[in-house]
Every structure is written in C-alpha cells, then in structure tokens.
Amino acid sequence: MHLDFVGSFIFAADRFWIWLATYCFMLASAYSAYTLFSGKFMAPRLTFGLVLAGFICQTAFLGVRGHEVGRCPITNFCELLTFLSWSMILIYLVIGSSYRLSLLGVFTTPFAGLLSIWALLQPEPQAVVIKHPVNPWLEVHTSFSIVACGAFALAGLAGLMYLIQERQLKTRRPSSMFFRLPPIRTLVVANSRLLWLGFGLFTVGLATGFFIGQDVDWRKVAWSLVVWALYGGILLARLRRSMAARWVATLSIVVFGLLLSMFWGIRFISDVPPVR
Amino acid sequence: MGHPVHFGCAAGKMNISCFGLSHQTASVEIRERFAISDSGLSEALLRLRAIEGVEEGLIVSTCNRTEFYVAGAVSQVPVTRFFEEFYKDLRTGDEPHFFGLWAERCVHHLFRVVSGLESMVVGETEIFGQVKRAYEAAARERATGRLLNKLFQKSFHVGKQVRSSTAVGRGSISVGSVAVELAEQIFGKLDGCKIMVLGAGDTSEKMARTFKARGARQIFVSNRSFDRAQVLAQEAGGRAIRFDEWDREFADLDILVASTSAPHAIVTVDKIAPVLKRRSDRPLFMIDVAVPRDIDPNVHRLDGVYVYDLDALQSMAERSMESRRQEVAGCDRLIEKHVVEFQTWIEKSINPIIGPVAVELPRS
C-alpha cells in the first residue's frame, strides 16, 4: 500500500515535465499558426526556443523515469507516447535546420502536443516500478521502433505540407501560406529521406524483437510486419519511379495513421508489460 | 499642400522641411526637368546649402521623385520661393506640382518614402537603397548634420521594420517576377535548375534575363530561327538548341518558358506524358507566356507538372498588389509611433528650453 502510494506520487511528479512540455508545444503551435495564417512576421527563434524547451522537459521526464526503472523508459503507455513525441521532436531538431524546413515545426508541434496530452490522459500506474536487469535486445527493439515511428511521423507531416503546396499550385491560387512553406522539391526530398530513415530503424527494431527471449505476441508481430511491408512498398515504388510524389506523400500520411492505430491497438490488445 | 509647423520652436529656429515633387504631383515630363543626375549632385548640394536659412541639406532624386530635405530656419519659406531660389528658371504652371512639408509631416513623409508606401508600386524596395545612397552622398559632402543624420538613420530603421513586420513587400507584382517567385517556391534555389526557353522574342529574352539574375545557370534556348536562339543563348549565358530537338532535353528539364508565335499548342499531353516516366520525382514548372498558348492546358493535370499561363500569372500579380495596399494602414500605424518618438527626441535634444508645444505658423 505504502509502495503504491510512493509510486503514484513519483509518477505524478514526473508528469509535471510532460505538462510543461505540452504547454511549450501548444504555445509554439498557437504562435506559429497565428503567424502562418495571418501572414504576420514570424520570429523563428521564438518557435525554435519553445520547441527546444518542450524537448528538454520531455528529456527530463524520460531521464527521471529511466533512472527510476533502470532501463529505457517505455514501461507503460504514457511513457511510450512521450518517447514517440520526443523522438519526433529530436528528428525535427536535427533535420529541420539541415533541410531548411523550419516551418516543419508548425506542423510538428501540434502533433507533439497532442501526443503529450494523450500521454497525460493515461492512468497512473498502480504499482511502483522496481529496477530489473536490462535486456539489451528489448532496449534496442523498443527504442529503435519508436524512434522509427518518430521519423515516419515527420515523413507524414512533410507529406502533408507537400500536399498543401501541391494543391495550391494546382489550383493556381496560392495563399500567403504557400510562400511561407518550404519549396515543394525540398519537401519531396525530406519526405523520401525520412521514410528511408524510419524504414531502416524500424527494420532493426523489428528484427531485434525476435531476440528478446520472451513469448512473442504474434498479433503485434503481424501488425508490425504489415506496416513494415507497406513502407517498404512505398519506397520500392519510389525507387522504380512508378509512383508520383503526390501518392507517396498521401501514403506517408495514411500508413502513419495505420501505425498510430497500431499503438492504440497495442494498448488494448496487450498492454506493454511493466518490468517488475 | 501642408503649411509650416514647428516642433516646439519659435519662427526662425532649427527645423526640418521637405520640398519636392513626385509621381503623385507631376507627370514624367515635369519630373524629368527637375531631376538631378548623380554627376550634378555635389554641385546641387552646394546650391541647396547656399539658400538662406538652410543649415543641413539632402537631395533624393529618382525617376519618380525629386525631394529636398533641409534642416534650418527655412520653415517660413513658401514652397515656390524655395524652388525659385534653387532652380532659378521656373516656368508658368510649375507651381501646382510642388509640395512642401514641415516638421512631423516631413518626418512622416520620409518614413513612408523609405518604407515604399509613397512609391508607384507600393512596397517596392528599390527606394530604400536610393534614399540610402542619397544620404551617403550628402554625408560625404558634409551637407548633413545632427538633425538630418538622426532623421535618416531613423528612417532606415523604420523602413526595415515596416518591411519585416508587415506584408507590404510580400508577393510579386509583375508577371516575370511572379513566375520566378513560383519557380523558387517549387525548387528552392534556381542555380541547380535546368531552364529551357522556347521562342526568342522580347518576352523570352526578359524571362531568360530574370531567371539568370536570380541565379539560374543552365539556360537552353530553342527557336525556329536558330541564329536568333544563339544570340539569346549567348546573352543569357546558355546554350542554343535546334527547334526540332528541344523535346530531347525534356527529361532533365525543371522549368520551361514557352513564348513562341506558334498558332497551336506545341507542348501537349501526348508529348509530355511518356517523358515524365523517365524523370525522377522532380517537379516540372511550365510558364506559358505565349498568345495563343503554346502549352495544352491539360498538361497541368499531369502529376508533378504545373502550368501557369499569362492569365494565371497576371491574376497572382494583381492579388499581391491588392494585399500590399491592404497593408498600408498597418504600416502607417507603425510609422506614426516612430514619428512621435522622433518628435520627442527633437524636442528634448534640439529645443529643450522652449518645450513640446507645436506652433503653427500662418500660411505665407
């Protein structure tokens, strides 16, 4: 009983960091959306600062949780969603400046904020987590899979931006937003590279899953293989030039939606077992 | 036309005034008579400072305006007398084209000029550089002093702020610049793009030059007259291609500018669709500035292909112009704050004893 109470308290205190991160992402989203749709001057440093602050808060949460559980902090659904959101922001921070895709943050921050809210809505664990010997295969499997999902999320967002640009070009009535989004060619390249990055990481994550040494949940495996095959199919079609960029962008969004539903499915089919 | 107002100083004290004429008050025939060339600027500044009461002087002379900014006790001088003293040979009927602005109205006007709000094309940026050069020339000749230095430095700050914090300079307002802006929005930098110009008339030449000015390095020109294509290709730093061979280059192309005098479409879906399969997923941007059109409108329906004809480009240019006009009120509000700031500075720094009372003088 005492341990339950202490566990809940510690977890609730950790959540403070997710609250802070959510505020940062939502503030960044509101500011970016306002400047984007009103055509006003945008201070990129302010958005970047808020995203960075949110990322630091998420890192603090994952750091505290990782220290408590003595392993990669993906022991419950709240942590899983936070890790996914953190991965997405990490990749955004790395590639955003490389590909001059600062505006990707406008699309990334609301999504990261929503994931954080979803994480906060998860019930607090009833039992305190006790440190357990680390299984390296499990660590690699979970962390690679989720970082891959972060890359796929960004690929989907780049795809969404591409579709917005494409539509405005096709209708020949570009709005002020059109001229503030990255060039359509840059979005095609970013979308492609993010898909490759996500696919590589996901493949490693999937392969290492077979070495964990625990009972395999074949429903999860089947779901993962379907997602892997779909992304593989998109990339193969892209390599063979048999799919237009518009379709690649659309499928990046659709398949990521499927992937997100897999997270939701995992939650209900078989909750991620906490390490006890 | 305004009349003299002082920043809290009695008649004859230091003040700022502007005398001039612009595209809003005078036709080009009148403006060209009053324009001052770069070579004559030094002498003109000497003449300006020789006018009684002028202590500091600066001349902004562009194709759209000739304006004299002066600091000193000239606020009581009527506009026409100022011009008579400067030009000596005024004609009958010149007077209505002049304007005179004093004190905060002069400051407000300068801030609007530097911000591009007084320009023929609202929000254009060229005037900023022109005023800056005029200021540098006057400073070099030691024609400016404390007041004009402060005024013009403030005006550059205001001009930059107006452009960065409002949308008054956004969007292109000519067909050529709209096309180039769209190209940049599709490809990013144009230095790696392959551009083909079909036709070698005036429009093609202008487009080729515009693309070259924006960094395009690989420009191909194809025309029925190969000699003419070679001439234009040389001017644009590109390569000429025979007209019956232009479609062979298509697979690697990024931008096509079509401006031939062909009576029917020469770029059709049948011609383009097979080539698209050989391309990677690079977008293809086609600009059709020919009448009748050179590109079949159905080509626009192909994946990754964007065709913009004259009407589409013109309509975008007009919408940009309209949205710039809508920004003017916001710019004026911003400028007003800076005028008040400058007014406060001048009251404290130049006429600290008399205090911030605006004295309006009777019309001369």
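Protein sequences, first through last, are from chains A and B.
First residue of the first sequence? That's 1 in my numbering, and the numbers climb one at a time after it.
First residue of the second sequence? That's 1001 in my numbering, and the numbers climb one at a time after it.
Think of the CB as a built atom: it goes at the ideal place given N, C-alpha and C, for glycine as much as any other residue.
Everything numeric in this text was worked out from a predicted model, so none of it was measured.
1. Buried or exposed: Phe1068/B, going by 16 or more other Cβ atoms within 10 Å of its Cβ?
2. Among the residues of its own chain, which have a CB less than 8 Å from the CB of Trp17/A, if the five just before and after it don't count?
3. Quick one: grab the DSSP three-state call for Met1001/B.
4. From the DSSP secondary-structure annotation, give me the bridge partner or partners of Trp1102/B.
5. Between the Cα of Arg193/A and those of Ala153/A, Met177/A, Ile164/A, spot the shortest distance and give me the residue it belongs to.
6. Does the distance from the CB of Gln1130/B to the CB of Thr1066/B come in under 8 Å?
7. Under 8 Å by Cβ, that's how I've got Val277/A and Ile234/A pegged, so tell me the actual separation to the nearest angstrom.
8. With DSSP as the reference, label Gln122/A as helix, strand or coil.
9. Answer with buried or exposed for Pro182/A, where buried requires no fewer than 16 other C-beta atoms within 10 angstroms of its C-beta.
10. Under 8 Å between C-beta atoms, does Gly1176/B make it to chain A?
11. By Cβ distance, which residues of its chain are closer than 6 Å to Phe1082/B, with the 5 residues on each side in sequence left out?
12. Please list the terminal residues of the continuous beta strand (DSSP E) segment that includes Leu1058/B.
13. Taking the beta carbon of Tyr278/A as the centre, do at least 16 other beta carbons fall within 10 Å, making it buried, or is it exposed?
14. For Leu73/A, is the classification buried or exposed, using 16 other Cβ atoms within 10 angstroms of its Cβ as the cut-off for buried?
15. Can you find a C-beta in chain A that's less than 8 Å from the C-beta of Ile1186/B?
16. When you compare each of Glu1055/B, Arg1091/B, Asp1038/B, Val1257/B to Leu1310/B by their alpha carbons, which one comes out closest?
17. So that I know if they touch, is there some Cβ in chain A lying closer than 8 Å to that of Ala1139/B?
18. Roughly how many angstroms lie between the CA atoms of Leu84/A and Asp1247/B, to the nearest whole one?
19. Compute the distance between the beta-carbons of Ser224/A and Val106/A, then report whether it is under 8 Å.
20. Whose C-alpha, out of Glu1095/B, Ser1165/B, Val1289/B, is nearest the C-alpha of Asp1332/B?
21. Helix, strand or coil: which one does DSSP assign to Gln1218/B?
22. According to DSSP, Lys220/A sits in a beta bridge with which residue or residues?
23. Mind pulling the chain C residues with CB within less than 7 Å of Ser1280/B?
24. Residues of chain B with a CB under 7 Å from the CB of Arg172/A: which are they?
25. Which residue from Arg1325/B, Asn1015/B, Ala1236/B, Gln1326/B puts its Cα closest to that of Glu1103/B?
26. Would you report the Cα separation of His1038/B and Val1060/B, rounded to the nearest angstrom?
27. When we look at the beta-carbon of Ser1261/B and count the other beta-carbons within 10 Å, is it buried (16 or more) or exposed?
28. Can you find a C-beta in chain B that's less than 8 Å from the C-beta of Ser176/A?
29. Exposed or buried, which one is Ala1240/B when buried takes at least 16 other CB atoms within 10 Å?
30. When the Cα atoms are used, what is the spatial distance from Leu1148/B to Tyr1135/B?
31. Using only the heavy atoms of the ligand NAP, determine whether one of them is closer than 7 Å to the beta carbon of Ser1061/B.
32. Which residues mark the beginning and the end of the beta strand (DSSP E) in which Phe985/B is found?
33. What's the C-alpha gap between Cys24/A and Gly150/A?
34. Quick check: the Cα distance between Leu115/A and Ser176/A, rounded to an integer number of angstroms?
35. Taking the alpha carbon of Arg1091/B as the reference point, which residue from Leu1151/B, Ser1323/B, Phe1034/B has its own alpha carbon closest?
36. Report the rounded CA-to-CA distance for Ser1022/B versus Phe1211/B, giving the unit in angstroms.
Concretely, from the data shown:
1. buried
2. Cys57, Gln58, Ala60, Phe61, Val64
3. Annotation note: pLDDT 41 at Met1001/B (below 50); position unreliable, no value reported.
4. Ser1017/B
5. Ala153/A
6. no
7. In this structure chain A extends from 1 to 276, so residue 277/A is not present and cannot be described.
8. coil
9. buried
10. no
11. Phe1019
12. 1054 to 1061
13. The shown model of chain A, from 1 to 276, leaves out residue 278/A, and the question about it has no answer.
14. Note on residue identity: the sequence assigns Pro, not Leu, to residue 73/A. Result: buried.
15. yes
16. Val1257/B
17. no
18. 48 Å
19. no
20. Ser1165/B
21. strand
22. Answer is none; Lys220/A lacks a bridge partner.
23. Absent from the structure is chain C; the protein chains it does hold are A and B.
24. Tyr1308, Ala1312
25. Here residue 1103/B turns out to be Ala, not Glu, going by the sequence shown. Looking at the Cα atoms, Asn1015/B is the closest of the given residues.
26. The sequence given here has Asp at residue 1038/B, not His. Approximately 10 Å, taken between the alpha carbons.
27. exposed
28. yes
29. buried
30. 9 Å
31. Among the components modelled here there is no ligand, and therefore nothing to report on the ligand NAP.
32. There is simply no residue 985/B to check, as chain B begins at 1001 and stops at 1364 in what is shown.
33. 19 Å
34. 29 Å
35. Phe1034/B
36. 32 Å
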